[in-house]
Amino acid sequence: MSMVILGYEKCAMELGSRIKNEISRAGYKQIVFADLIGIQPSRLSNYINGVRVPDIFTLKSIADQLGVSLDYLYSGKNESYSLSKKYMLTIFDKGNIRLECID
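Numbering-wise, the sequence shown is residues 4 to 106 according to this note's numbering.
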């Protein structure tokens, strides 16, 4: 069980490190960046220090504001994938998700 926790902690720390590096690269102070994406500076600090992991919506805001991909923030790699068909993702009020091929 502790190996899973250590793996999670390592991933959280790596994610936080990439967020911190990209904030610095973009020339933002952390307090200003937190305000730009609509979160408390203490929450951003928790993400950067690997104490917490942002939810997907916050992570998307971070990526968009910094001009990087979600893939890069998660893995450190900038890989792009293309789908051969078009899909439509529908998210319903109760959290159900449906993916339909429309091509």
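Just so it is clear, CB atoms sit at the ideal spot from N, CA and C, and this is done for glycine as well.
For I26, the three-state secondary structure derived from DSSP is helix.
Non-local beta-carbon contacts of R55 in its own chain, meaning distances under 8 Å to residues more than five positions away in sequence, involve A15, R46, N49 in chain order.
By the neighbour-count definition (other C-beta atoms within 10 Å, threshold 16), E12 is an exposed residue. In the DSSP assignment, R46 falls within the unbroken alpha helix (DSSP H) covering 44 to 51. For V35, the enclosing alpha helix (DSSP H) has its first and last residue at 33 to 40.
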